[in-house]
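Undergrad: Quick one: the structure is below, questions incoming.
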Amino acid sequence: MDKKINLPLKKHIIGLVPASHGGLVRKASQEYGIAESDIIDMSASLNPYGSPFEHSEYGLDLKALFISARDGMYNYPDNRYLDYREAAAGFLGDGISADNIIPGNGSCETIRLVAECMINSGDVVGIPQPTFDEYEQQCRIMGASIRYFEHEGLMDITDEALKEVKILFVCNPNNPTGKLLSRDSILELAKRCEMNSTLLFVDEAFSELADPSQSVADVAATNNHLFVLRSLTKNFAIPGIRLGFGVASLEMAKALNTARLSWNLGSVPDVVGTALLNMEGGCYSKYFVASREMIAEEREYLTERLSGIYGFEPLPSTVNYVFVDIRELLMDSQELTSRLASHGILVRDCSSFYLLDNDYIRIAVRTRGETDRLIQAIGDVLTEAGKDYAEERLKKTIECAGTGLPACRNTCEYYPCHFSGQDCTFCFCPFYPCENPKTGGCWIESTTGSEVWSCEKCIILHKPEVVQEVLQILMSDSDTEDNLKVSWEKVVVPHL
């Protein structure tokens, strides 16, 4: 009998499930035996333009910044982080002051801080779905109950519902869908939240890569019921240096700065973050203008390439990732992401997002060459999957034939795909790819740019007499692979 583990923790903590994230390059490297340097990570939505440190024209020297931060390693940081907060205020502009800024060790810490300071056990928070997992995770840690809303109906939330929730989280642009709500829409929602004593928590982590003019950070600086989160991780492509900040009213920022961890930024993040936020132009710097231009161009290219592949429906996006509906694909999101990972391409399986099941993936916008490699990998994966499905279907076909069930599947939704009276027992050809042009099959260029064997004009495996002869051989006691060779030679070849 298993003994219950007695841990001195709150009961709801023991049952917590970790939030899911992309960017698991090392894990994929270990699982699939691929060098980290050979993996293209399109599961984490980072700025594809790269960090400013990769572009000499922006005048930032990472090595020099590390050296300047070195002396700070030997002292406790000044936990007021005055330079960082001043830089963040200047980055946003619009009359925001350093006193409105709460420095954070990445987005997750700031979400946790707000949850800690507001939520009592049993309080209800509202989370429009699908969206970023960490809102729910951090609130559940504090003992909150979650009320879900559909993101598409966000603006139709009733006053009664708002009164019930202590915090309403809104990701704008939304992750994973890439939808951006207008500034006017958010401000209208903020007005209603204030009337109902609800905090509107707006996560603008991707704002600089979409349209910073839609930000409501300036309003948060004077509104006690509006909090805005900003991140440096995604926008500056520096996920290894955990940096972000919150924007709140003077009174709220003062309280949160008192409550946050005393030294939540080390000397290196403090110095690096301050330098990045001090770039001339802030959200409208030459760096971000170039970033947004590249993202728009490469997002269009990615969308165009994906649209040409059957089973992939990329949905409209405003930011550096594309949400893709794969419900028409033969495989689900878990299988697809696993197969792509085995080829060194990581995309985000969205099955962990509430309401999405296994029907969607999210793909980060990357460089043109990386997108081409993705498309090539998709082509390889679809070819491999076709062969695997053929083997699986073959086993089931043989099992069904052995039970005496009728072989013809005239109820197939594609019937008749070739001719009247055909037999659909072999939905997937067990000889694929035979590469024999006498069958009527031929090599064609696929939508992914590679050549694939097409069986469109082949009718041999749909002829009832061929099906029965092949089945008889496949049902013998010999090895299936051997039986396939025999049936090809004895049955198919004579029909050619």
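If you count the sequence shown from 1, you need to add 1 to reach the working numbering. Glycine included, each C-beta is placed from N, C-alpha and C at the ideal position.
(1) Roughly how many angstroms separate the alpha carbons of His-152 and Ser-232, rounded to a whole number?
(2) Suppose you measure from the CA of Leu-347 to the CA of Ala-378; what does that come to, to the nearest Å?
(3) Does Ser-146 come out as helix, strand or coil in the three-state DSSP assignment?
(4) Whose C-alpha, out of Leu-114, Ala-20, Gly-94, is nearest the C-alpha of Glu-137?
(5) To the nearest angstrom, how far is it from the Cα of Asn-236 to the Cα of Gly-51?
(6) Expressed to the nearest angstrom, what Euclidean distance is found between the alpha-carbon atoms of Gln-130 and Gly-245?
(7) Would you kindly work out how many angstroms separate the C-alpha atoms of Tyr-433 and Ile-310, rounded to a whole number?
(8) Which ranges does the beta strand (DSSP E) cover as unbroken runs of at least 3 residues, wholly within the segment 340–366, from first to last along the chain?
(9) Which residue or residues does DSSP assign as beta-bridge partners of Glu-165?
(10) Judging by CA-CA distance, which residue of Gly-267, Leu-114, Thr-178, Leu-303 is the nearest neighbour of Arg-81?
(11) In angstroms, rounded to a whole number, what distance separates the CA positions of Gly-380 and Arg-293?
(12) Within 10 angstroms of its Cβ, does Lys-396 collect 16 or more other Cβ (buried), or is it exposed?
(13) So, are the CB atoms of Ala-249 and Ala-221 less than 7 Å apart?
(14) For the segment 266–286 against the segment 23–42, do three or more pairs of beta-carbon atoms, one drawn from each stretch, fall closer than 8 Å, so that the two count as touching?
(15) Only counting the same chain, and skipping five residues up and downstream in sequence, which positions put a Cβ closer than 7 Å to that of Ser-122?
(16) Does the segment 149–165 come close enough to the segment 286–300 that 3 or more CB-CB pairs lie under 8 Å?
(17) Which runs of the alpha helix (DSSP H) at least 4 residues long sit entirely within the segment 184–220? Give them in chain order.
(18) In chain order, what residues of the same chain have a beta carbon less than 8 Å from the beta carbon of Glu-117, not counting five sequence neighbours either side?
(19) Under three-state DSSP, which class holds Cys-443?
(20) My assumption, with CB atoms under 8 Å, is that Arg-300 sits in contact with Ser-318. Please give the rounded CB distance.
(21) Pull up the distance between the alpha-carbon of Pro-407 and that of Leu-485, whole angstroms please.
(22) Helix, strand or coil: which one does DSSP assign to Met-43?
(23) Pull up the distance between the alpha-carbon of Phe-133 and that of Cys-172, whole angstroms please.
(24) Compare the C-alpha of Lys-287 against each of Ala-45, Gly-34, His-56 and name the closest.
(25) If contact is defined by three or more beta carbon pairs under 8 Å, each pair taking one atom from either stretch, is the segment 330–338 in contact with the segment 349–362?
(26) Can you tell me where the beta strand (DSSP E) with Ile-296 in it begins and where it stops?
(27) How many angstroms separate the CA atom of Ala-365 from the CA atom of Leu-210?
(28) DSSP three-state label for Asp-326, please.
(29) Leaving out the 5 sequence neighbours to the left and right, which residues in its chain are closer than 7 Å to Ser-477 when beta-carbon positions are compared?
(30) Select from Leu-462, Gly-107, Asn-224 the residue whose C-alpha is nearest the C-alpha of Asp-424.
TA: Here's the rundown:
(1) Here residue 152 is taken as the residue at index 151 of the sequence shown, counted from 1. Here residue 232 is taken as the residue at index 231 of the sequence shown, counted from 1. Taking the straight line from one Cα to the other gives about 22 Å.
(2) Position 346 of the sequence shown holds residue 347. Position 377 of the sequence shown holds residue 378. Going by the C-alpha atoms only, they are around 11 Å apart.
(3) As a first step, residue 146 must be located in the sequence shown, where it is residue number 145. Under the three-state reduction of DSSP output, Ser-146 falls in the strand class.
(4) Stepping through the sequence shown from its first residue, residue 137 is reached at position 136. If we check each option's Cα against that of Glu-137, Ala-20 comes out closest.
(5) Here residue 236 refers to the residue found at position 235 of the sequence shown. Here residue 51 refers to the residue found at position 50 of the sequence shown. Going by the C-alpha atoms only, they are around 9 Å apart.
(6) Numbered from its first residue, the sequence shown carries residue 130 at position 129. Numbered from its first residue, the sequence shown carries residue 245 at position 244. If you take the alpha carbons of Gln-130 and Gly-245, they lie about 23 Å apart.
(7) Indexing the sequence shown from 1 puts residue 433 at position 432. Indexing the sequence shown from 1 puts residue 310 at position 309. Cα to Cα, Tyr-433 sits roughly 20 Å from Ile-310.
(8) Complete beta strand (DSSP E) runs here, min 3: 346–350, 361–365.
(9) In the sequence shown, residue 165 corresponds to position 164, counting from 1. Listed as beta-bridge partners of Glu-165 by DSSP are no residues whatsoever.
(10) Reading the sequence shown from its first residue, position 80 is the one you call residue 81. The option with the nearest alpha carbon to Arg-81 is Gly-267.
(11) On the sequence shown, residue 380 is found 379 positions in, with the first residue counted as 1. On the sequence shown, residue 293 is found 292 positions in, with the first residue counted as 1. In a straight line, the C-alpha of Gly-380 is about 29 Å away from that of Arg-293.
(12) Taking the sequence shown and counting its residues from 1, one reaches residue 396 at position 395. Around the beta carbon of Lys-396, fewer than 16 other beta carbons sit within 10 angstroms, so the residue counts as exposed.
(13) Within the sequence shown, residue 249 is the residue found at index 248, counting from 1. Within the sequence shown, residue 221 is the residue found at index 220, counting from 1. Inclusion of Ala-249 and Ala-221 in the CB contact set at 7 Å is warranted, their separation being smaller than that value.
(14) Fewer than three pairs of CB atoms, one per stretch, sit closer than 8 Å, so the segment 266–286 makes no contact with the segment 23–42.
(15) Counting from one through the sequence shown, the residue named residue 122 turns up at place 121. The residues are Gly-144.
(16) Look at the beta carbons and you see the segment 286–300 not touching the segment 149–165: under three pairs across the two are nearer than 8 Å.
(17) The qualifying runs are 184–196.
(18) Along the sequence shown, one-based indexing puts residue 117 at 116. Hits under 8 Å: Met-143, Ala-260.
(19) If you number the sequence shown from 1, residue 443 lands on position 442. Residue state for Cys-443 is assigned as strand, using DSSP reduced to three classes.
(20) For the purposes of this step, residue 300 is taken as residue 299 along the sequence shown, with counting starting at 1. For the purposes of this step, residue 318 is taken as residue 317 along the sequence shown, with counting starting at 1. Between Ser-318 and Arg-300 the Cβ distance is about 6 Å, and since that is below 8 Å, they are a contact.
(21) Here residue 407 is taken as the residue at index 406 of the sequence shown, counted from 1. Here residue 485 is taken as the residue at index 484 of the sequence shown, counted from 1. Confidence at Pro-407 is low in this model, with a pLDDT of 46, below 50, so its placement is unreliable and no value can be given for it.
(22) Here residue 43 corresponds to residue number 42 of the sequence shown, with the count starting at 1. Met-43: strand per DSSP, three-state reduction.
(23) Taking the first residue of the sequence shown as position 1, residue 133 is located at position 132. Taking the first residue of the sequence shown as position 1, residue 172 is located at position 171. A direct Cα-Cα distance of roughly 7 Å separates Phe-133 from Cys-172.
(24) As a position in the sequence shown, residue 287 is number 286, starting the count at 1. It is His-56.
(25) Contact between the segment 349–362 and the segment 330–338 is present, because at least three Cβ pairs lie under 8 Å.
(26) By 1-based counting over the sequence shown, the position of residue 296 is 295. Segment 287–308 is the alpha helix (DSSP H) holding Ile-296; no beta strand (DSSP E) there.
(27) For the purposes of this step, residue 365 is taken as residue 364 along the sequence shown, with counting starting at 1. For the purposes of this step, residue 210 is taken as residue 209 along the sequence shown, with counting starting at 1. Roughly 12 Å between the two C-alpha positions.
(28) Stepping through the sequence shown from its first residue, residue 326 is reached at position 325. Here Asp-326 carries a strand assignment [DSSP, helix/strand/coil].
(29) The residue you call residue 477 lines up with position 476 of the sequence shown. Beyond the five residues adjoining it in sequence on each side, Ser-477 comes within less than 7 Å, by CB distance, of Asn-484 in the same chain, given in chain order.
(30) Mapped onto the sequence shown, residue 424 falls at position 423. The shortest C-alpha separation from Asp-424 is found at Leu-462.
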